[in-house]
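**Q** Chains as they are written, first to last, in the numbering used here: chain A, 1 to 82; chain B, 83 to 460.
Glycine residues also receive a C-beta, built at the ideal position from the N, C-alpha and C atoms.
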Amino acid sequence: YPLSGAAKEEDSNMDLAQQYLGKYYNLKTDTKQFVRRKDSNLIVKNIQGMQKLLGLEVTGKLDSDTLEVMRQPRCGVPDVGH
Amino acid sequence: FNTFPGMPKWRKTHLTYRIMKYTTDLPRNAVDSAIEKALKVWEEVTPLTFSRLYEGEADILISFVVKEHGDFYSFDGPGYSLAHAYPPGPGFYGDIHFDDDENWTEDTSGTNLFLVAAHELGHSLGLFHSANPEALMHPVYNSFTDLRPFRLSQDDVNGIQSLYGPPRASPEEPLVPTKSVPSAPGTPAKCDTALSFDAISTLRGEYLFFKDGYFWRKSNWNLEPEFHLISTFWPSLPSYLDAAYEDNSRDIVFVFKGNELWAIRGNEVQAGYPRGIHTLGFPPAVKKIDAAVSDKEKKKTYFFVEQKYWRFDENSRSMEQGFPRLIADDFPGVKPKVDAVFQAFGFFYFFSGSSQFEFDPNAKMVTRILKSNSWLHC
Numbered sequence: 001y002p003l004s005g006a007a008k009e010e011d012s013n014m015d016l017a018q019q020y021l022g023k024y025y026n027l028k029t030d031t032k033q034f035v036r037r038k039d040s041n042l043i044v045k046n047i048q049g050m051q052k053l054l055g056l057e058v059t060g061k062l063d064s065d066t067l068e069v070m071r072q073p074r075c076g077v078p079d080v081g082h
Numbered sequence: 083f084n085t086f087p088g089m090p091k092w093r094k095t096h097l098t099y100r101i102m103k104y105t106t107d108l109p110r111n112a113v114d115s116a117i118e119k120a121l122k123v124w125e126e127v128t129p130l131t132f133s134r135l136y137e138g139e140a141d142i143l144i145s146f147v148v149k150e151h152g153d154f155y156s157f158d159g160p161g162y163s164l165a166h167a168y169p170p171g172p173g174f175y176g177d178i179h180f181d182d183d184e185n186w187t188e189d190t191s192g193t194n195l196f197l198v199a200a201h202e203l204g205h206s207l208g209l210f211h212s213a214n215p216e217a218l219m220h221p222v223y224n225s226f227t228d229l230r231p232f233r234l235s236q237d238d239v240n241g242i243q244s245l246y247g248p249p250r251a252s253p254e255e256p257l258v259p260t261k262s263v264p265s266a267p268g269t270p271a272k273c274d275t276a277l278s279f280d281a282i283s284t285l286r287g288e289y290l291f292f293k294d295g296y297f298w299r300k301s302n303w304n305l306e307p308e309f310h311l312i313s314t315f316w317p318s319l320p321s322y323l324d325a326a327y328e329d330n331s332r333d334i335v336f337v338f339k340g341n342e343l344w345a346i347r348g349n350e351v352q353a354g355y356p357r358g359i360h361t362l363g364f365p366p367a368v369k370k371i372d373a374a375v376s377d378k379e380k381k382k383t384y385f386f387v388e389q390k391y392w393r394f395d396e397n398s399r400s401m402e403q404g405f406p407r408l409i410a411d412d413f414p415g416v417k418p419k420v421d422a423v424f425q426a427f428g429f430f431y432f433f434s435g436s437s438q439f440e441f442d443p444n445a446k447m448v449t450r451i452l453k454s455n456s457w458l459h460c
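Quick look at the structure:
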């Protein structure tokens, strides 16, 4: 079925989050996963790490504040040492 | 604040930087000023000093690049990653890359270059990202930061001082070296018959003979000259100077390198320097000067550039009309190019390679030809 609007947006948020966390938080996207789950333990932990370092409320969720920060221009040096 | 894993830091306090590639978003001198201003932010709270190189390997190489540019962190077009930098260390460590797909500006209408440069320099000096949203080292760019006057947060100051400590003692305490530097291998030897100089100036009745990163300090009351590192007296001055002269009436020595000049009084580099040499009235074609001397009686300063020279009136503080003129016409017998020149006992002493020409400005003739190092008691 074509993705509904909400599902499509959720998908693009997920893309954004995975790119951001991969670039700055050393998130290894788990290639074994068939379905990308935003509540996978790995992603939640990375989101919490990012929220903590960037002074956001630590929810572990892709809430609007967190997504907004992911869209903001920033320094390219990772926040978690590569 | 945070430092990088393993806490890498520079083991010296005088660092060099070189701008390798510019952006076309801004005039070059605007980029130069933004980088200088960003360096000053860290100089003011640490013992660190910086000088600019125009060739060769510097500690901090600065480039504007796009997308994949030869390291493992390619840029991503406009927005998102603005720049990145590497922690202290050899080779590419310490270097800074700006994403030239951003719109770099002097204000905040685009991405403010000074602000991002100050942040990236924090990385080049060893600071990692801070969780404090007020800190310069916070990773997210805050275009609403008040730029005038810009101030580091206490978090940034605590971070950088945890690596390098506070600034040196107050400038009132002169940096008096305890002893002159013994000449170690690789340093210039005063009695080398092929010795040439980069620049020579008088200073309060003494003579300073500059060579590479060092200088000999000669006074009339002791035979043996002292030998020092330039950075011992003037940490922020570059090495390999081009020219220097003393303006006696103002008790200032002007020092030249490339297209910049510094003013020093005693141990102190004067605020507001370096400035561009074109502020003196040189045409844009002049990229550097070879030598300079100021005639304290006539209050005229002579600037020598390859085969020609300019004359500057110290009273009106302006370059005189009718210049440049040929050195050969007005200083017959002096062989260009002139490396250095100073005035003593009413004569001009011109230095070219290992030769020195004593010139009588009244008789308009060379009275003696000597070895360049004849003043150093060999």
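1. So, is the C-beta of B/Ser265 closer than 9 Å to a C-beta in chain A?
2. Where does B/Arg250 fall in DSSP's three states?
3. Where does A/Leu42 fall in DSSP's three states?
4. Per DSSP, which one or two residues make a beta bridge with B/Thr187?
5. Check whether the Cβ atoms of B/Ala325 and B/Ile334 sit closer than 9 Å, and answer yes or no.
6. If I'm right that B/Cys460 touches B/Lys272 with Cβ under 8 Å, what's the distance once you round it to whole angstroms?
7. Is it a yes or a no for the region 220–227 of chain B touching the region 104–124 of chain B, going by three-plus beta-carbon pairs under 8 Å?
8. Looking at the structure shown, is B/Gln438 part of a helix, part of a strand, or coil, going by DSSP?
9. Whole angstroms are fine: how far does the CA of B/Glu126 sit from the CA of B/Pro231?
10. Please determine if the region 357–369 of chain B and the region 384–394 of chain B are in contact, where contact requires at least 3 C-beta pairs separated by less than 8 Å.
11. Can you list, in chain order, the residues of its chain whose CB lies under 6 Å from that of B/Arg250, leaving out five sequence neighbours each side?
12. Which residues in the same chain as B/Ile451 place their Cβ atom closer than 8 Å to its Cβ, once the five residues preceding and following it in sequence are excluded?
13. Roughly how many angstroms separate the alpha carbons of B/Val448 and B/Val423, rounded to a whole number?
14. Any beta-carbon of chain B closer than 9 Å to the one on A/Tyr24?
15. Check for me: the beta strand (DSSP E) holding B/Thr383 runs from which residue to which?
16. Excluding the 5 residues preceding and the 5 following B/Asp329 in the sequence, name in chain order all residues of the same chain whose CB lies nearer than 6 Å to its CB.
17. Who does B/Glu288 pair with in a DSSP beta bridge?
18. Where do the N-terminal and C-terminal ends of the alpha helix (DSSP H) with B/Trp124 fall, by residue?
19. Take the Cβ of B/Asp153 as the centre, count every other Cβ of all protein chains shown within 10 Å, and call the residue buried at 16 or more, exposed below.
20. State the DSSP-derived secondary structure class of B/Val239, mapped to helix, strand or coil.
21. Go through its chain and collect everything with a Cβ distance to B/Pro253's Cβ below 7 Å, but skip five positions before and after it.
22. Compare the beta carbon distance of B/Tyr322 and B/Asp280 with 9 Å and say whether it is the shorter of the two.
23. Hey, B/Pro170 and B/Lys122: beta-carbon distance below 9 Å or not?
24. Would you list, in chain order, the members of the region 40–60 of chain A that have their beta-carbon closer than 8 Å to a beta-carbon of chain B?
25. Which whole-angstrom value is the C-beta distance of B/Ser212 and B/Asn84, which I expect to be below 8 Å?
26. Is there a Cβ of chain B sitting closer than 9 Å to that of A/Asp79, yes or no?
27. Can you tell me whether B/Asn341 is buried or exposed, with buried defined as 16 or more other CB within 10 angstroms of its CB?
28. Determine, using beta carbons only, whether B/Tyr391 comes closer than 9 Å to chain A.
29. Is B/Phe413 close to the ligand SAM? I mean its beta-carbon at under 8 Å from any heavy atom of the ligand.
30. Whose C-alpha, out of B/Thr98, B/Thr106, B/Ile242, is nearest the C-alpha of B/Leu195?
31. Within 10 Å of its beta-carbon, does B/Leu458 have 16 or more other beta-carbons around it, so buried, or fewer, so exposed?
32. Are the Cβ atoms of A/Val80 and A/Tyr25 separated by less than 9 Å?
33. Compare the C-beta of B/Tyr175 with all C-beta atoms of chain A and state if any pair is closer than 9 Å.
34. Does any CB atom of chain A fall closer than 9 Å to the CB of B/Tyr355?
35. Looking at chain B, is there any beta carbon in it that lies within less than 9 Å of the beta carbon of A/Gln18?
**A** With the given structure in hand:
1. Taking the second sequence and counting its residues from 1, the one referred to as residue 265 of chain B is at position 183. The predicted model places B/Ser265 with a pLDDT of 47, which falls under 50 and marks its position as unreliable, so this point remains unresolved.
2. As a first step, residue 250 of chain B must be located in the second sequence, where it is residue number 168. When DSSP states are grouped into helix, strand and coil, B/Arg250 belongs to the coil group.
3. The residue labelled residue 42 of chain A in the question sits at position 42 within the first sequence. Helix.
4. Here the question's residue 187 of chain B lines up with position 105 in the second sequence. Looking at the DSSP assignment, B/Thr187 forms a beta bridge with B/Asn194.
5. As a first step, residue 325 of chain B is located in the second sequence; it is residue number 243 there, counting from the start. As a first step, residue 334 of chain B is located in the second sequence; it is residue number 252 there, counting from the start. In this structure, B/Ile334 does not lie closer than 9 Å to B/Ala325 by Cβ.
6. Looking up residue 460 of chain B in the second sequence gives position 378. Looking up residue 272 of chain B in the second sequence gives position 190. Contact holds; Cβ gap of about 6 Å.
7. no
8. By one-based count along the second sequence, residue 438 of chain B stands at place 356. It is a strand residue.
9. As a working note, residue 231 of chain B is residue 149 in the second sequence. As a working note, residue 126 of chain B is residue 44 in the second sequence. Those two C-alpha atoms are separated by around 14 Å.
10. yes
11. By one-based count along the second sequence, residue 250 of chain B stands at place 168. Taken in chain order, the residues that qualify are Pro129.
12. Along the second sequence, read from residue 1 onward, the residue named residue 451 of chain B stands at position 369. Once the five neighbours on either side are set aside, the close Cβ partners of B/Ile451 are Ser437, Gln438, Phe439, Glu440.
13. For this step, residue 448 of chain B is matched to residue 366 along the second sequence. For this step, residue 423 of chain B is matched to residue 341 along the second sequence. Cα to Cα, the separation comes out at about 13 Å.
14. As a working mapping, residue 24 of chain A is identified with position 24 in the first sequence. Any Cβ of chain B closer than 9 Å to the Cβ of A/Tyr24 would place that residue at the interface, and such an atom is present.
15. In the second sequence, counting from the first residue as 1, residue 383 of chain B sits at position 301. Taken as a continuous stretch (DSSP letters only), the beta strand (DSSP E) holding B/Thr383 covers 382–387.
16. Within the second sequence, residue 329 of chain B is the residue found at index 247, counting from 1. Closer than 6 Å at Cβ, skipping near neighbours: Ser376.
17. Within the second sequence, residue 288 of chain B is the residue found at index 206, counting from 1. For B/Glu288, which the question treats as bridged, DSSP gives the partners B/Leu285.
18. Residue numbering aside, residue 124 of chain B sits at position 42 when the second sequence is read from its first letter. B/Trp124 -> alpha helix (DSSP H) spans 110–125.
19. Here residue 153 of chain B corresponds to residue number 71 of the second sequence, with the count starting at 1. Result: exposed.
20. For this step, residue 239 of chain B is matched to residue 157 along the second sequence. Looking at B/Val239 - three-state DSSP - the assignment turns out to be helix.
21. What you label residue 253 of chain B is simply residue 171 of the second sequence in a count that begins at 1. At B/Pro253, the pLDDT of 48 sits below 50, so the modelled position is not reliable; the number obtained from the coordinates is stated separately. Contacts found: Glu350.
22. Counted from its first residue, the second sequence places residue 322 of chain B at position 240. Counted from its first residue, the second sequence places residue 280 of chain B at position 198. Yes, these two residues count as a Cβ contact at 9 Å.
23. Indexing the second sequence from 1 puts residue 170 of chain B at position 88. Indexing the second sequence from 1 puts residue 122 of chain B at position 40. No. Outside cutoff.
24. Lys52, Leu53, Leu54, Gly55
25. Taking the first residue of the second sequence as position 1, residue 212 of chain B is located at position 130. Taking the first residue of the second sequence as position 1, residue 84 of chain B is located at position 2. Their Cβ separation, rounded to whole angstroms, is 6 Å, which keeps B/Ser212 and B/Asn84 in contact under 8 Å.
26. By 1-based counting over the first sequence, the position of residue 79 of chain A is 79. Taking Cβ atoms only, chain B reaches closer than 9 Å to A/Asp79, which makes this a yes.
27. Taking the first residue of the second sequence as 1, we reach residue 341 of chain B at position 259. So B/Asn341 counts as buried.
28. Indexing the second sequence from 1 puts residue 391 of chain B at position 309. B/Tyr391 does not count as touching chain A.
29. The ligand content of the structure shown is nil, which means the ligand SAM is not present either.
30. Stepping through the second sequence from its first residue, residue 195 of chain B is reached at position 113. When only C-alpha atoms are compared, the closest one is B/Thr106.
31. Here the question's residue 458 of chain B lines up with position 376 in the second sequence. Burial call: buried.
32. As a position in the first sequence, residue 80 of chain A is number 80, starting the count at 1. As a position in the first sequence, residue 25 of chain A is number 25, starting the count at 1. Going by C-beta atoms, A/Val80 is nearer than 9 Å to A/Tyr25.
33. In the second sequence, the residue the question calls residue 175 of chain B occupies position 93. So, not an interface residue.
34. In the second sequence, counting from the first residue as 1, residue 355 of chain B sits at position 273. Chain A contact via Cβ: absent.
35. The residue you call residue 18 of chain A lines up with position 18 of the first sequence. No, A/Gln18 does not count as interfacial toward chain B.
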